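Q: The structure follows.
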Amino acid sequence: MPEPRASVRQILLGAVLLWQVFFLLTANLATLVDGPLRGGLDAVDHLWAEAACQHQVWGQYSPNITRHAIFAAVEFRWPDGSSVEVRSDAEERDPFDYVQDATPYRVALYEGDLIRPLWDFTAETMKARPGAFVAEASERVRSRQKPIVAYLDWQRRRFLERHPRVTPPSECVLRVHVWVVPPHDRRPWTWPPPDDVPLARWRPGVVAPQGDLDVEVWDPAKEDFVFVTEKP
Amino acid sequence: MSVVGTQPWLPSRLRVPWLVDPVPAVRLAALRVAVGLTLLGDVLVTYVPHMRDLYGRGSLGGRAIFPEWSPPARATWSLFAHVDSPGAFQAIAWVWALAALLLALGVASQLSAAVAWAITVSLLPLNPAAHYAGDMICIILLSILMTSPSGAAWSFDAWRAKRSADVQVPPWALRLVMLQMALVYFSNGLHKITFEHGRAGDWLRGDAVYAVVANLNWARFPYPSQPMPYFATELLTWTVFAFELGFPIWMLVKKTRVPALFVGASFHLGLLVFMQLGFFPAWMLCLYVPLVPWERAASWRRKT
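For the protein sequence lines, the chains are D and B, in the order given.
In this text, residue positions in the first sequence follow this note's numbering: the first is 1, and each later residue adds one.
In this text, residue positions in the second sequence follow this note's numbering: the first is 1001, and each later residue adds one.
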């Protein structure tokens, strides 16, 4: 018996399906091939991944896992030398007694993205390798300048809403609390106190020199903030 | 038994039973319910309380803050690219939650999935830093549900059409879910094979799970209160690594299929309880839902 003719709907669905299978296979397995073929596949896959919002990036917790738990904090400074530090909602007050819920998760993801360089540094290693820290922090500030300013400004407005009589701070410093995961065989197993290190500073109203960004990074060698050039 | 939905045209070489023989509609329905409920939870817990923080004027997101995620730099798009009002974004969150609820109930199933998908896709490029792999699984599953007969069973749609629960649907939607699942795991496994300066990486050494469960960023409870000795974390590290890298093989071999799925589902249930990873474990568990033989439960219920 002759096969019934496929309808336009069936053909369209089949074409979409075959394309999706091709996309899934190439987007996930292109890493196994090399050369110009990979470049071509990457370009096509990238376009579809963005248009359909189906980014095939599945490398969670790999290749290695940081031994640092990092939390953003914002230090507000006033010209008279006074300062106040505001912690992230995601940072537990007592590391030995807490239950985390998912409510602050989205903002915590955002904060984590800004302070990522501290996955690789502590207060001690920053001082030991200041050049490496400034290079990494500068790269993060270059790629995240607008989100960093948005975050510091958002925290500043939240702070002023809670404290309406306080004058606006002149400096907003993005700090990071770095908790180093103890080795598994430490007895008694306990958390050392976290490092509290500066990462970047934004001074509302202060215009950066020509060719520099508005956000400065902390230079452990100079023990001060330095401007970052727009281009590396 | 009636078949609901369009059977796609496939080249003759691909017309193998696994790709063309209809499957019980309740499996797709179970996926729809799971996705609808997970999205509802995700929206109500992680978005609604922070919608004004994440989107709109004075927030952490928007095209001005993430211009590199906007056209013409990228092929991304957003229905809300020109929305600025924080109140409008709050309203969008409630429409989103309603779409998720209707999807779970099977009211205008495909349309509900399409609305939920369009909102999810539109919000992502406006604040990419607040999103993660769980959102990708959500978007992929919604795109499958909106194009497949996801309301064929266990739905208001089926009840209104006076359709019995033993209808069948073309298998392509569930096969796509399985392919995506296999690639998520295999790709994850590949990324875990690392040697740096002649030294094996965390996964090969067995250190990885300890580093995650002891980390304050991710542990739901303090590590000392978790009943997991170090050797158990080592064992779990190698089990996860072998499970992920070998997933396509575990699925192809009939004898290993069910045990491997139990291992995977247990792993994600463990993550759900002990780790704070947003709704990621719940989204991953959604991938397992259509693999459960729901039709047996349905036929057992009819018999009793």
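Glycine included, C-beta positions come from ideal geometry on N, C-alpha and C.
Quantities reported herein were computed from a predicted structural model and do not represent experimental measurements.
(1) Quick one: any contact between the segment 94–109 of chain D and the segment 1230–1243 of chain B, if contact means 3 or more CB pairs under 8 Å?
(2) Taking the alpha-carbon positions, what's the D:P193 to B:P1248 distance?
(3) Is the segment 38–46 of chain D in contact with the segment 137–148 of chain D, if contact means three or more CB pairs nearer than 8 Å?
(4) Would you say B:E1053 faces chain D, with C-beta separation under 8 Å as the test?
(5) State yes or no: is the C-beta of D:V197 within less than 8 Å of the C-beta of D:A69?
(6) For chain B, find out if any of its Cβ atoms is closer than 8 Å to the Cβ of D:E230; answer yes or no.
(7) Apart from the five residues just before and just after D:R116, which ones in its own chain have a Cβ nearer than 7 Å to its Cβ?
(8) Give a yes or no on whether 8 Å exceeds the smallest Cβ distance from D:D97 to chain B.
(9) How many Å lie between D:F71 and D:L118 at the Cα?
(10) Does the Cβ of D:T26 have 16 or more other Cβ atoms within 10 Å, making it buried, or fewer, making it exposed?
(11) Whose CA, out of D:R201, D:D80 and D:K231, lies closest to the CA of D:E223?
(12) Tell whether a beta-carbon distance below 8 Å holds between B:A1152 and B:L1028.
(13) Between which residues of its own chain and D:P232 is the CB-CB distance below 8 Å, once the five residues before and five after are set aside?
(14) Is B:S1109 near B:L1103, with beta carbons less than 8 Å apart?
(15) Can you tell me whether DSSP reads D:W218 as helix, strand or coil?
(16) Nearest by alpha-carbon distance to D:A221: which of D:A123, D:V16 and D:G35 is it?
(17) Just the Cα atoms here: how many angstroms apart are B:L1162 and B:S1070?
(18) State buried or exposed for D:T229, treating a residue as buried only when at least 16 other CB atoms are found within 10 Å of its CB.
(19) Indicate whether the contact test is met: 3 or more Cβ pairs, each with one atom in the segment 1073–1090 of chain B and one in the segment 124–135 of chain D, closer than 8 Å.
(20) Taking only runs that begin and end inside the segment 123–157 of chain D, name each unbroken alpha helix (DSSP H) of 4 or more residues, in chain order.
(21) Short of 8 Å in beta carbon distance, which residues of its chain neighbour D:R156, apart from the five on each side in sequence? Order them along the chain.
(22) Going by other Cβ atoms of all chains shown within 10 Å of its Cβ, with 16 needed for buried, is D:E233 buried or exposed?
(23) Can you give the Cα-Cα distance for D:K78 and B:F1274, rounded to whole angstroms?
(24) Can you tell me where the alpha helix (DSSP H) holding D:W78 begins and where it ends?
(25) What separation, rounded to the nearest whole angstrom, lies between the Cα atoms of B:L1037 and D:P36?
(26) Comparing the C-beta of B:I999 with each C-beta of chain D, is any distance below 8 Å?
(27) Around the Cβ of B:Q1168, are there at least 16 other Cβ atoms within 10 angstroms (buried) or fewer (exposed)?
(28) In chain order, what residues of the segment 1081–1112 of chain B put their CB closer than 9 Å to some CB of chain D?
(29) Look at the Cβ atom of B:V1055, then the Cβ atom of B:L1145, and state whether they are nearer than 8 Å.
(30) Under DSSP, the beta strand (DSSP E) around B:F1231 begins and ends at which residues?
(31) Check D:V84 in the structure and name its three-state DSSP category.
(32) Can you tell me which residues form a DSSP beta bridge with B:E1196?
(33) Unbroken alpha helix (DSSP H) runs of length 4 or more, entirely within the segment 1140–1204 of chain B: which are they?
(34) Pick from B:A1165, B:F1186 and B:V1048: whose alpha carbon is nearest that of D:L29?
(35) Taking the alpha carbon of B:V1289 as the point to measure from, which residue in B:L1174, B:A1200 and B:A1214 has its own alpha carbon closest?
(36) For D:P63 and chain B, any beta-carbon pair shorter than 8 Å?
A: Answer, in terms of the structure:
(1) no
(2) Here residue 193 of chain D refers to the residue found at position 193 of the first sequence. Here residue 1248 of chain B refers to the residue found at position 248 of the second sequence. In a straight line, the C-alpha of D:P193 is about 44 Å away from that of B:P1248.
(3) no
(4) As a first step, residue 1053 of chain B must be located in the second sequence, where it is residue number 53. One detail in the question is off: residue 1053 of chain B reads as Asp in this sequence, not Glu. Yes - at least one Cβ of chain D is within 8 Å of the one on B:D1053.
(5) For this step, residue 197 of chain D is matched to residue 197 along the first sequence. For this step, residue 69 of chain D is matched to residue 69 along the first sequence. No, the pair does not count as a contact, with Cβ atoms beyond the cut-off.
(6) If you number the first sequence from 1, residue 230 of chain D lands on position 230. Cβ-Cβ to chain B under 8 Å: no for D:E230.
(7) Here residue 116 of chain D is taken as the residue at index 116 of the first sequence, counted from 1. For D:R116, where only same-chain residues beyond five positions count, the Cβ hits under 7 Å are R140.
(8) Along the first sequence, one-based indexing puts residue 97 of chain D at 97. Judged by the 8 Å Cβ criterion, D:D97 is in contact with chain B.
(9) Reading the first sequence from its first residue, position 71 is the one you call residue 71 of chain D. Reading the first sequence from its first residue, position 118 is the one you call residue 118 of chain D. Each residue's alpha carbon lies about 9 Å from the other.
(10) For the purposes of this step, residue 26 of chain D is identified with residue 26 of the first sequence, where counting begins at 1. Buried.
(11) Start at 1 with the first residue of the first sequence, and residue 223 of chain D comes out as number 223. Considering only alpha carbons, the answer is D:R201.
(12) Against the second sequence, residue 1152 of chain B aligns to sequence position 152. Against the second sequence, residue 1028 of chain B aligns to sequence position 28. Cβ atoms of B:A1152 and B:L1028: closer than 8 Å.
(13) Sequence index remark: in the first sequence, residue 232 of chain D carries index 232 (1-based). Result list for D:P232: S138, E139 and R142, in chain order.
(14) For the purposes of this step, residue 1109 of chain B is taken as the residue at position 109 of the second sequence. For the purposes of this step, residue 1103 of chain B is taken as the residue at position 103 of the second sequence. The answer is yes: Cβ separation under 8 Å.
(15) Looking up residue 218 of chain D in the first sequence gives position 218. Three-state DSSP puts D:W218 in a strand.
(16) By 1-based counting over the first sequence, the position of residue 221 of chain D is 221. Closest by alpha carbon: D:A123.
(17) Residue numbering aside, residue 1162 of chain B sits at position 162 when the second sequence is read from its first letter. Residue numbering aside, residue 1070 of chain B sits at position 70 when the second sequence is read from its first letter. Note that residue 1162 of chain B corresponds to Lys in the displayed sequence, not to Leu. So the alpha carbons of these two residues sit roughly 45 Å apart.
(18) Here residue 229 of chain D refers to the residue found at position 229 of the first sequence. D:T229 is exposed by the Cβ-count criterion.
(19) no
(20) 123–128
(21) Residue numbering aside, residue 156 of chain D sits at position 156 when the first sequence is read from its first letter. Around D:R156: V74, F76, P168, P169, C172 and P204.
(22) Because chain D is modelled from 1 through 232, residue 233 of chain D falls outside the range shown and cannot be assessed.
(23) By one-based count along the first sequence, residue 78 of chain D stands at place 78. By one-based count along the second sequence, residue 1274 of chain B stands at place 274. With the sequence shown as reference, residue 78 of chain D is identified as Trp, and Lys is not the correct amino acid for it. The straight-line gap from Cα to Cα measures roughly 42 Å.
(24) Translated into the one-based positions of the first sequence, residue 78 of chain D becomes position 78. No alpha helix (DSSP H) holds D:W78; DSSP gives it neither H nor E.
(25) As a working note, residue 1037 of chain B is residue 37 in the second sequence. As a working note, residue 36 of chain D is residue 36 in the first sequence. Cα to Cα, B:L1037 sits roughly 44 Å from D:P36.
(26) Since the first residue shown for chain B is 1001 and the last is 1304, residue 999 of chain B is missing from the structure and cannot be characterised.
(27) Taking the second sequence and counting its residues from 1, one reaches residue 1168 of chain B at position 168. B:Q1168 should be labelled buried.
(28) none
(29) Looking up residue 1055 of chain B in the second sequence gives position 55. Looking up residue 1145 of chain B in the second sequence gives position 145. It is Tyr, not Val, that sits at residue 1055 of chain B in the sequence shown. No, these two residues do not count as a Cβ contact at 8 Å.
(30) Along the second sequence, one-based indexing puts residue 1231 of chain B at 231. B:F1231 -> not in any beta strand (DSSP E); alpha helix (DSSP H) instead, spanning Y1230 to L1252.
(31) Your numbering for residue 84 of chain D matches position 84 in the first sequence. Strand.
(32) In the second sequence, the residue the question calls residue 1196 of chain B occupies position 196. Answer by DSSP bridge pairing, in chain order: B:R1199.
(33) Segments of the alpha helix (DSSP H) lying fully in the segment 1140–1204 of chain B: 1156–1160 and 1172–1191.
(34) Taking the first sequence and counting its residues from 1, one reaches residue 29 of chain D at position 29. Proximity to D:L29 across B:A1165, B:F1186 and B:V1048 peaks at B:F1186, based on C-alpha coordinates.
(35) Working through the second sequence from its first residue, we reach residue 1289 of chain B at position 289. For the residues B:L1174, B:A1200 and B:A1214, the minimum Cα distance to B:V1289 belongs to B:L1174.
(36) The residue given as residue 63 of chain D occupies position 63 in the first sequence. Taking Cβ atoms only, chain B reaches closer than 8 Å to D:P63, which makes this a yes.
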